Amino acid sequence: MTLRIPKAQLPAEISENLVKQFGAVPEPFEVTAHNPKVARDSSEIGGRVGEWDMADEGLKIFAHMAVAAQVGCGWCLDINYFQALHKDLDLTKASQVPRWRESEVFTPLERDVLEYAEAMTNTPPTVDDELYAGLLDRLGPAAMVELTAGIGFANMATRNNSAHGITSQGFSDACGIPLAARPEEAGNNRSGAERPAIAKSGIDKPGVVSAAI
Numbered sequence: 016m017t018l019r020i021p022k023a024q025l026p027a028e029i030s031e032n033l034v035k036q037f038g039a040v041p042e043p044f045e046v047t048a049h050n051p052k053v054a055r056d057s058s059e060i061g062g063r064v065g066e067w068d069m070a071d072e073g074l075k076i077f078a079h080m081a082v083a084a085q086v087g088c089g090w091c092l093d094i095n096y097f098q099a100l101h102k103d104l105d106l107t108k109a110s111q112v113p114r115w116r117e118s119e120v121f122t123p124l125e126r127d128v129l130e131y132a133e134a135m136t137n138t139p140p141t142v143d144d145e146l147y148a149g150l151l152d153r154l155g156p157a158a159m160v161e162l163t164a165g166i167g168f169a170n171m172a173t174r175n176n177s178a179h180g181i182t183s184q185g186f187s188d189a190c191g192i193p194l195a196a197r198p199e200e201a202g203n204n205r206s207g208a209e210r211p212a213i214a215k216s217g218i219d220k221p222g223v224v225s226a227a228i
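Heads up, this note's numbering is the position in the sequence shown plus 15, with the first residue counted as 1.
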């Protein structure tokens with residue numbers, strides 16, 4: 016898939032800073048730059064989401080990846096795996112999120128969070144009382160609200176990117192452990208695009224990247 020909208024020209028200083036952080040300019044920034052208000056507000060929302068701290072960071076990243084895999088947003092799946100590396104999460108688990116139902120590496124709590132992320136992403140949502148109550152009992156109200164809002168944000172970001180035709184830029188290539196494909200996609204190269212050399216360090220505010228994003 017190719018971008019359905021031309022990339023906007025970013026100011027040189029912003030482009031240089033993004034390249035220093037990621038090794039390439041993330042395409043969502045180049046797309047949303049066509050509308051400065053949307054670009055600014057999207058980044059601000061993503062930054063605020065990234066500052067939430069009542070729910071486990073790993074659970075939130077895995078949930079975002081589950082949404083991305085289900086929606087088919089290769090970019091969000093890719094960048095969240097990259098963020099997992101920089102947050103020192105278990106990369107073996109992160110790499111298996113797209114096929115979590117077949118994998119044996121996840122704890123019961125992680126599996127329920129991934130199921131919850133997919134249930135929220137279904138249209139219409141398929142969250143049931145038992146799944147919700149089980150998570151609420153283990154996470155507590157504050158973390159449950161945060162996890163749910165984070166999954167909602169992930170749906171906004173992934174569907175936004177998918178509609179624009181934004182696909183993986185190869186950020187996960189720096190992670191060392193191959194990122195698994197969803198079972199029905201195994202063997203398929205969805206993007207077919209040439210990938211840039213990605214920096215292995217420098218995510219200053221990972222939440223901002225999830226934003227526009």
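Here a beta-carbon is modelled for each residue, glycine too, at the ideal position from N, C-alpha and C. Predicted, not measured: the structure shown is a model, and the values here were computed from it.
Separation of residue j from residue i, as counted between CA atoms
i           : j           : result
residue 135 : residue 191 : 30 Å
residue 43  : residue 187 : 16 Å
residue 38  : residue 70  : 29 Å
residue 129 : residue 142 : 12 Å
residue 33  : residue 55  : 15 Å
residue 31  : residue 159 : 38 Å
residue 18  : residue 87  : 15 Å
residue 41  : residue 89  : 13 Å
residue 29  : residue 164 : 29 Å
Beta-carbon proximity of residue i to residue j, cut-off 8 Å
i           : j           : result
residue 127 : residue 150 : yes
residue 13  : residue 132 : Nothing in the structure corresponds to residue 13, since the chain is present only between 16 and 228.
residue 83  : residue 92  : yes
Which of helix, strand or coil DSSP assigns to residue i
i           : result
residue 21  : coil
residue 37  : helix
residue 184 : coil
residue 178 : helix
residue 193 : coil
residue 126 : helix
Cutoff 6 Å; reference residue i; Cβ partners in own chain excluding five residues on either side
i          : result
residue 59 : none
The alpha helix (DSSP H) enclosing residue i, as first and last residue numbers
i          : result
residue 44 : 42 to 47
residue 60 : 51 to 66
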